[in-house]
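Comments concern the structure below.
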Amino acid sequence: MKSDIEIAQEAALAPVKEVAAVYGIREDDLELYGKYKAKITDELWDRIKDRPDGKLVLVTAINPTPAGEGKTTVTVGLGEALGRLGKNAMIALREPSLGPCFGIKGGAAGGGYAQVLPMEDLNLHFTGDFHAITSANNLLAALLDNHIQQGNALGIDPRQILWKRCVDMNDRVLRNVVVGLGAKADGMVREDHFVITVASEIMAILCLADDMKDLKDRLSKIIVAYNFAGEPVTAGDLHATGAMAALLKDALKPNLIQTLEHTGALVHGGPFANIAHGCNSVRATKTALKLCDIVVTEAGFGADLGAEKFMDIKCRKAGLKPDVVVLVATVRALKYNGGVPKDQLSEENLEALKRGIVNLEKHMENIQKFGVPVVVALNSFISDTEAEYAYIKRFCEERGCEFALAEVWAKGGEGGVALADKVLNTLENRPTDFHVLYEDKDSLKDKIGAIASEIYGADGVSYSPAALKALKRIEEMGFGNLPVCMAKTQYSLSDDQTKLGRPSGFTINVRDAYVCAGAGFVVALTGSIMTMPGLPKKPAAEGIDVDGEGKITGLF
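Just so you know, the sequence shown maps onto residues 55 to 610 in our numbering.
Written as structure tokens, this is what we have:
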């Protein structure tokens, strides 16, 4: 089997104008970035906004393991398969971050014969959206420090600065830095911090904003610091809103590319799901729903993170509702959850499978709590056995969930037809009764408690003194009605990444909290989750190269 990048580079791409035409998108509705990438203009939305919505299919997964689950691959393959069955379908994805691309995870274009193209462009600079977000974030940081340097008319307390600089790279040495060293003219000496761009509140804002007016309103509400009286200071107070919006003018527009089988893909935004809300932009999803009959989108990491936030944050705020959820698992990952070492996952082990399948069971139960029907997609590997397939199929069907084998990595859309059939059958015969997990009026602690007990299976929640103080302050400022975005490890249902399967008898430990007033949610930090990842001992970057003809190798 060829590598992902070899498959991508040998593919015959259709001009993006031809891909767009299939969905009734005119050439005037496109802002071209070469032959194969384009941004969607605001004028298209004005023309289609009153159309009825298509059906929305959310793809999520069990907790990720080193064995890999292939959630994006299944998303892409399902979109292609729906097209093969004569359905007008489109996929809606997040953009990859350079950090994991050069780190350990690799890119996010799918895999095998279920990829979005051009793969190299998407995984690297793409249309510059992340660079624009980085620039807007750091402009606000520069304006903040400049305001303090130029007399500090707002009385900003340098000990209570919240806004951090960002860079789209895994760079652990930037987690904690000291700025302002040198002469008096070089600024006030203080401790500062960096986050990865996908953890910036501006990324979350871009993905939740409806239009430029909404974007500017959200940007103005960003709380950057507190003054000496303990009152919040915002980006609007610093007169930063207009300039930030100008930097984000083009980044606000969704990007159109294609799959290997020329299915349209709106790829836009990229917040991580373990430290942010983990979904592509509202604008891209809403646009796709007006352009086709079925939209296949995904939410990051396991259903305990991405899917929960998709429901409780994105759908709540944007008025969306999923019609069916596809829950991706693999035999290998289930055996890993059952205690099998990574180097033994290719061996048939039904006992380990029975121990590990409880992780899948919990995610199935969680999705059903939102009133949405579930289809389990088992992403196939060559080492899987018929006995393992039969056990998982029976397990799912006994719990009221449809089951299908997905062979999209090896076969593209053809390998997803069985899954597409199950999805279509569910859409036709299983109406959704979608509802969120908690109410806006619930206290922040009640919202955290609901997620911890209902989704994670925790016995309770413990709070550090800093977290209790932060939550009290957030509610006193009038933000208690916002949804909660849990920052938690993706590797476990608990906040301890070593607890695999379906852990029980644990508490969730909230160590701090802060409000993203512009994005419109409150972040609760659990465990040791960090907003600036580091590179592994052997980064993927060491294997990436480009030759004299401009051909890139080593991306995956």
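No residue lacks a Cβ here, since even glycine has one placed at the ideal position from N, Cα and C. Only a predicted model underlies this, so the values are computations on that prediction, with no experimental measurement involved.
Considering just the uninterrupted stretch of the alpha helix (DSSP H) at Y445, what are its terminal residues? 440-452
Local conformation of I250 per DSSP, three classes: strand
Check the DSSP bridge columns for G318 and list the partner residues they point to. Q312
Report back the beta-carbon spacing between A294 and L193 to the nearest angstrom; my notes put them in contact at under 8 Å. 7 Å
Please check the pair V429 and V477, which I expect to be a contact at CB under 8 Å, by giving their CB distance rounded to whole angstroms. 6 Å
Does the distance from the CB of P325 to the CB of A258 come in under 8 Å? yes
Which residue marks the beginning of the alpha helix (DSSP H) containing Y390, and which one marks its end? 385-391
Bridge partner(s) assigned by DSSP for E85: Per DSSP, K93.
Return yes when the Cβ of D549 is within less than 8 Å of the Cβ of T585, no when it is not. no
Spatial distance of C455 from E245 (CA atoms): 51 Å
Pop quiz: L181 and K109 are said to be a contact at Cβ under 8 Å. What is the actual Cβ separation, rounded to whole angstroms? The residue you asked about is not Leu; residue 181 is Thr in the sequence shown. Contact doesn't hold; Cβ gap of about 28 Å is too wide.
Rounded to whole angstroms, what is the Cα-Cα separation between G354 and K465? 24 Å
Whole-angstrom Cβ separation of N391 and L260, contact assumed at under 8 Å? In fact, because the Cβ distance is near 35 Å, the residues do not count as touching under 8 Å.
Looking at C-alpha atoms only, which residue of F248, D240, R213 is the closest neighbour of N230? F248
Quick one: measure Cβ to Cβ for K93 and K344, integer angstroms, because I've assumed they're closer than 8 Å. Contact doesn't hold; Cβ gap of about 17 Å is too wide.
For a test of the three-state rule: what should DSSP assign to G332, helix, strand or coil? Here G332 sits in coil by DSSP.
Measuring CB to CB, does A115 end up less than 8 Å from L399? Going by C-beta atoms, A115 is not nearer than 8 Å to L399.
Could you tell me which of N281, G284, M266 sits nearest to L306, measuring between CA atoms? M266
How close, in whole Å, do the beta carbons of A506 and I562 come, if the pair is a contact with beta carbons under 8 Å? 4 Å
Would you decide whether K523 is buried or exposed? Buried here means 16 or more other CB atoms lie within 10 Å of its CB. exposed
Measure the alpha-carbon distance for G131 versus R138 and round it to whole angstroms. 10 Å
Between T127 and G157, how many whole angstroms is the CB-CB distance? I'm expecting something under 8 Å. Incorrect: roughly 19 Å between the Cβ atoms, too far for contact.
Terminal residues of the continuous alpha helix (DSSP H) containing K125? 125-138
Extent of the continuous beta strand (DSSP E) to which D16 belongs: The question about residue 16 has no answer, for the chain in this structure spans 55 to 610.
For the beta strand (DSSP E) that contains K109, what are its first and last residues? 109-115
Should the region 535-550 be regarded as contacting the region 560-576, the criterion being three or more beta carbon pairs within less than 8 Å? Yes, since at least three Cβ pairs between the region 535-550 and the region 560-576 fall closer than 8 Å, the two stretches touch.
Residue range of the unbroken beta strand (DSSP E) whose run includes G514: 514-517
Go to M540, then tell me how far its beta strand (DSSP E) extends in each direction, as first and last residue. 538-541
Look at the Cβ atom of G234, then the Cβ atom of D225, and state whether they are nearer than 8 Å. Not a contact, by the Cβ cut-off of 8 Å.
Backbone secondary structure at C369 - three-state DSSP: helix
Does DSSP put E493 in a helix, in a strand, or in coil? Coil at E493, not helix or strand.
So is A444 buried or exposed if we call it buried at 16+ other beta carbons inside 10 Å? exposed
For M144, list the residues DSSP reports as bridge partners. V349
Do the CB positions of G160 and A594 come within less than 8 Å of each other? Cβ atoms of G160 and A594: closer than 8 Å.
Residue closest to E97, alpha-carbon to alpha-carbon, out of E529, A372, R80: The option with the nearest alpha carbon to E97 is R80.
If contacts are defined as beta-carbon pairs under 8 Å, then K416 and L491 qualify, I think. What distance do you get, rounded to the angstrom? Not confirmed; about 15 Å, so no contact.
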